Amino acid sequence: MGTAAAVTALAAPSIVRAQGEPIRLGALNPLTGAGGSYGPTMRKAIEGVVDRVNAAGGINGRKVELAGEDTQTNPDAAVRAARKLIDVDKVSAIMGTWASACTTAVAPLCWESKVFLTTVSGSDTITKLPHQGYLVRTQPNTHLQIGRLGEFLLELGSKKVFVLAAQTPFALPSQERLGEVLKAGGSELIGGVIYDKDKTTFRSEIDQALKANPDMIYLNGYTPDVTIVMRELYKAGYEGGKIGQAYAVNKKLLESLPADVTEGCYTVAPSPSVNSAAYKRLAEFLGKPDLDPYSCQCNDQASLVCLAIAKAGDASGTAIKDAVRKISQGPGEKVDDVVDGLKLLAAGKDINYEGASGACDFDDIGDILTTNFRYEQVQKGAFKTLKVG
Amino acid sequence: MENYIVAMLVFAGLYGLMALGLNVVWGMAGMINLGLVGFFAFGAYVSALLTKVLGLPIWFGVVAGAAGAAAAGMVVAMVTAKLRGDYLAIVTLGFSEVIRITASNEIWLTNGTDGISGIPGPLRGQVTPEAFNLIFLALVAVVVAIVVFLLQRVRHAPYGRVLRAIRDDDQVAAVAGKTVIRFKVEAFALGCAVIGLSGALYGHYTSYIAPDGFVPLITIYIVLALTAGGTGNNYGAVVGSVLVVFFMESTRFLTEVVPGLQAVQVAALREMLIGGALIVIMRLRPGGLLPERLPRIDLPESNLPQEKKAT
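The listed protein sequences derive, respectively, from chains A and B. Residue numbering for the first sequence follows this note's numbering, starting at -11 and increasing by one per position. Residue numbering for the second sequence follows this note's numbering, starting at 3 and increasing by one per position.
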């Protein structure tokens, strides 16, 4: 990639060749710690965008330099890393924070220093921080995710739904939101239990659930606890429906439980635009057939930041903040690639970026307006996709 | 760059306060406290809640945070009075996890895993971020200086001598007529007060605290800082903390110049360098950079007690 970039830059006419001060952007991903399984590809996706922009002559003739740091999936380490990006590397945007606690810790540094922050964290509270516009996220929040899950349950005809949830920031808001959606559709949330996910048995929680006699149980936990809960539900003779988050009910869970135990469980997950050209390009670049949503989002975040800088003609965090919605949504020409977008902007056209993760349209506080969801069901120990949309 | 260095010095100062607190409990009185992040969190939450929710002044929150952590330390010390060595280590480690999990679950009070954001800081928002950093550095520097001064007084006082006696052999201290438990509880509370003070300041500096930030990793950083600096030596605690922050931060720049590495390899290399540097220090200076030197008291030759060498 580096050589290709150099060759292209040399071959290009001198006007196109990157000149002037380089534009400095920051990537802050969980390379180690709990997010370590996602961080490395998130970083690669961002690097890929920056390399392609530079290969195409930079933004308005200015090269893009990327500085990268590791959050260690720890707010304390994330704050120190962000200080380095802001104060030493002088970046105008920080992209790709993952854990909600890290994002919330880093966000004040960003808005105080007028640095634009893009994140994949899902916690509802993040966009409610007083960020003055210096923050957008590409991950759907709980409101949107649970809304779609509730609508899916209504489609399945579930009448009495019970929630078994691990204690997380989104456990309680999820339950409240699900109750609203179900009620609006004529069904009912008949109860819920929030448990400590590190327990080794959930008999009392399951007894409580079965006493309510539900026809659908929503398992809102993580893989280790949901594995135990499913096994115990099976042993208790529960025959109603089950639905879980795709990050919890995953291949690992299916491998560790007999097919009878997991049979029929539904999963819901925000899905990247798997059929889009942007997704296919990114999959090819990263050398993987299936991409996690965070890598797709990081690809789009880097693209959005570059396009916003080009649109504003200014690389400051404030300029990115003011321009980002002008290229992410609206009546402009649809583009799914950062280089195409830069060309159109250079030609004075309006654009509307839609990337590998989805439409990337933001509301006033920085939440995405819509995204694709993938619905699957476990059948004989394997996932079968029911629909994407 | 200047702003970054200032910010890292603030972190070093806050870690230094924690190391000073640990030095009282472990270095002076010989009790292993692997729960310091719990007291750090306690101080941070007390001060954050008092200033953010009740709107009390910051200085009051900080003092209350230190006092609250001292009270918590006293309770833990009394509960664990009979425990020594590894057993005390496990109980204190458990205590810090209890604090973290309580903070995650008592949502009505602590806002759960979302944490508390928007904690006020002195003049935050009224001055530029750079000026705020400088003001806070000055504040932390003054606090560290005062704490070092006071703890040095404790160390040189007869009181410090009793703590050292208990550290080296509590039965001998008891035989000499010292109420060992009382001294242990007081030392534990004093150390925890300093750790809580650090936590309170930490919250006002970063403006955000959450249970995820109070993981045992921080405890390990501080134990490393104190060991590298010199257990038992107050100056060593501060020097060790500056050193740990220096290692953690300088490795960012070292790894940047290594060619041909992927981001994840850089991150791994950083952790290896930090670990390696600490091993080298401990190998070359087993007593830390500034080993404890016992205060010398000139006595007539015939009365000179047999001094036990500090390890």
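Every residue gets a Cβ at the ideal spot worked out from N, C-alpha and C, and that includes glycine. As the structure is a computational prediction, the values presented were derived from the model and not from experiment.
Just how far apart, CA to CA, sit residue i and residue j?
{"i": "alanine 195 of chain B", "j": "threonine 211 of chain A", "result": "40 Å"}
{"i": "proline 122 of chain B", "j": "alanine 298 of chain A", "result": "37 Å"}
{"i": "serine 261 of chain A", "j": "arginine 362 of chain A", "result": "10 Å"}
{"i": "alanine 65 of chain A", "j": "valine 151 of chain A", "result": "35 Å"}
{"i": "valine 376 of chain A", "j": "lysine 368 of chain A", "result": "21 Å"}
{"i": "leucine 192 of chain B", "j": "histidine 206 of chain B", "result": "22 Å"}
{"i": "aspartate 112 of chain A", "j": "glycine 84 of chain A", "result": "17 Å"}
{"i": "valine 164 of chain B", "j": "leucine 139 of chain B", "result": "34 Å"}
{"i": "valine 327 of chain A", "j": "alanine 307 of chain A", "result": "20 Å"}
{"i": "glutamine 154 of chain B", "j": "alanine 21 of chain B", "result": "14 Å"}
{"i": "glycine 8 of chain A", "j": "tryptophan 86 of chain A", "result": "33 Å"}
{"i": "isoleucine 220 of chain B", "j": "serine 106 of chain B", "result": "17 Å"}
{"i": "alanine 69 of chain A", "j": "valine 260 of chain B", "result": "19 Å"}
{"i": "aspartate 325 of chain A", "j": "valine 78 of chain B", "result": "59 Å"}
{"i": "glycine 354 of chain A", "j": "valine 108 of chain A", "result": "12 Å"}
{"i": "isoleucine 82 of chain A", "j": "glutamine 267 of chain B", "result": "20 Å"}
{"i": "leucine 292 of chain B", "j": "phenylalanine 249 of chain B", "result": "17 Å"}
{"i": "glycine 37 of chain B", "j": "alanine 72 of chain B", "result": "13 Å"}
{"i": "proline 18 of chain A", "j": "serine 209 of chain B", "result": "22 Å"}
{"i": "glycine 329 of chain A", "j": "leucine 295 of chain A", "result": "7 Å"}
{"i": "serine 381 of chain A", "j": "leucine 95 of chain B", "result": "Chain A is shown from -11 up to 377; residue 381 of chain A falls before or after that span and cannot be answered."}
{"i": "leucine 152 of chain B", "j": "proline 213 of chain B", "result": "31 Å"}
{"i": "leucine 141 of chain B", "j": "alanine 147 of chain B", "result": "10 Å"}
{"i": "valine 217 of chain B", "j": "tyrosine 235 of chain A", "result": "24 Å"}
Below 8 Å on the Cβ atoms is my contact criterion, and I expect residue i with residue j to pass it. Report the Cβ-Cβ distance as a whole number of Å.
{"i": "tyrosine 254 of chain A", "j": "glutamine 163 of chain A", "result": "So it is not a contact: roughly 18 Å between Cβ atoms."}
{"i": "asparagine 236 of chain B", "j": "arginine 157 of chain B", "result": "7 Å"}
{"i": "alanine 239 of chain B", "j": "leucine 256 of chain B", "result": "Between leucine 256 of chain B and alanine 239 of chain B the Cβ distance is about 25 Å, and since that is not below 8 Å, they are no contact."}
{"i": "alanine 15 of chain A", "j": "glycine 56 of chain A", "result": "4 Å"}
{"i": "leucine 136 of chain B", "j": "valine 244 of chain B", "result": "No, leucine 136 of chain B and valine 244 of chain B are not in contact; Cβ-Cβ is about 18 Å, not under 8 Å."}
{"i": "glycine 21 of chain A", "j": "asparagine 62 of chain A", "result": "6 Å"}
{"i": "tyrosine 206 of chain A", "j": "leucine 166 of chain A", "result": "7 Å"}
{"i": "lysine 78 of chain A", "j": "arginine 12 of chain A", "result": "6 Å"}
Taking the beta carbon of residue i as the centre, do at least 16 other beta carbons fall within 10 Å, making it buried, or is it exposed?
{"i": "methionine 80 of chain B", "result": "exposed"}
{"i": "glutamate 4 of chain B", "result": "exposed"}
{"i": "glutamine 173 of chain B", "result": "exposed"}
{"i": "threonine -9 of chain A", "result": "Residue confidence is low: threonine -9 of chain A scores 47 on pLDDT, short of 50, so the model does not pin down where it sits. Its coordinate-derived value is still stated next. Exposed, since its Cβ has fewer than 16 Cβ neighbours within 10 Å."}
{"i": "phenylalanine 62 of chain B", "result": "exposed"}
{"i": "glutamine 128 of chain B", "result": "exposed"}
{"i": "glutamine 387 of chain A", "result": "Residue coverage of chain A in this structure runs from -11 to 377, which leaves residue 387 of chain A outside it and unanswerable."}
{"i": "leucine 11 of chain B", "result": "buried"}
{"i": "valine 52 of chain A", "result": "buried"}
{"i": "asparagine 201 of chain A", "result": "exposed"}
{"i": "valine 26 of chain B", "result": "buried"}
{"i": "valine 144 of chain B", "result": "exposed"}
{"i": "asparagine 263 of chain A", "result": "exposed"}
{"i": "methionine 218 of chain A", "result": "buried"}
{"i": "threonine 91 of chain A", "result": "buried"}
{"i": "aspartate 351 of chain A", "result": "exposed"}
{"i": "threonine 115 of chain B", "result": "buried"}
{"i": "aspartate 213 of chain A", "result": "buried"}
{"i": "glycine 336 of chain A", "result": "exposed"}
{"i": "threonine 188 of chain A", "result": "exposed"}
{"i": "aspartate 58 of chain A", "result": "buried"}
{"i": "glutamine 264 of chain B", "result": "exposed"}
{"i": "leucine 52 of chain B", "result": "buried"}
{"i": "serine 175 of chain A", "result": "buried"}
{"i": "asparagine 132 of chain A", "result": "First, the residue type needs correcting, since residue 132 of chain A is leucine and not asparagine in the sequence shown. Leucine 132 of chain A comes out buried."}
{"i": "threonine 359 of chain A", "result": "buried"}
{"i": "alanine 344 of chain A", "result": "buried"}
{"i": "arginine 71 of chain A", "result": "buried"}
{"i": "serine 192 of chain A", "result": "exposed"}
{"i": "glutamate 294 of chain B", "result": "buried"}
{"i": "valine 55 of chain B", "result": "exposed"}
Worksheet entry | contact_flag[the segment 16 to 28 of chain B, the segment 218 to 234 of chain B] where n(CB pairs < 8 Å) is 3 or more | yes
Practice prompt. For the segment 47 to 55 of chain B and the segment 173 to 189 of chain B, state whether three or more C-beta atom pairs, one from each stretch, are separated by less than 8 Å.
Written response: no
Practice prompt. Assess, as a yes-or-no matter, whether the segment 85 to 99 of chain A is touched by the segment 112 to 131 of chain A under the definition of 3 or more beta carbon pairs within less than 8 Å.
Written response: yes
Discussion item. Which runs of the alpha helix (DSSP H) at least 4 residues long sit entirely within the segment 41 to 109 of chain A? Give them in chain order.
Written reply: 63 to 71, 88 to 100
Worksheet item: Would you call the segment 201 to 208 of chain B and the segment 62 to 77 of chain B touching, i.e. three or more CB-CB distances under 8 Å?
Response: yes
Worksheet item: For the segment 316 to 377 of chain A, which segments carrying the beta strand (DSSP E) assignment without a break, of at least 3 residues, lie completely within its bounds, in sequence order?
Response: 321 to 323, 339 to 341, 360 to 367, 370 to 376
Discussion item. Could you tell me which whole alpha helix (DSSP H) segments of length 4 or greater appear in the segment 200 to 243 of chain B?
Written reply: 218 to 231
Discussion item. Would you call the segment 290 to 305 of chain A in contact with the segment 239 to 249 of chain A, where contact means no fewer than 3 C-beta pairs closer than 8 Å?
Written reply: no
Fill in: Secondary structure, alpha helix (DSSP H): runs of 4+ residues fully inside the segment 107 to 188 of chain B
109 to 112, 131 to 158, 160 to 170, 172 to 177
Fill in: the segment 5 to 20 of chain B: positions lying closer than 9 Å to chain D by Cβ
Here the protein chains are A and B, and chain D is not one of them.
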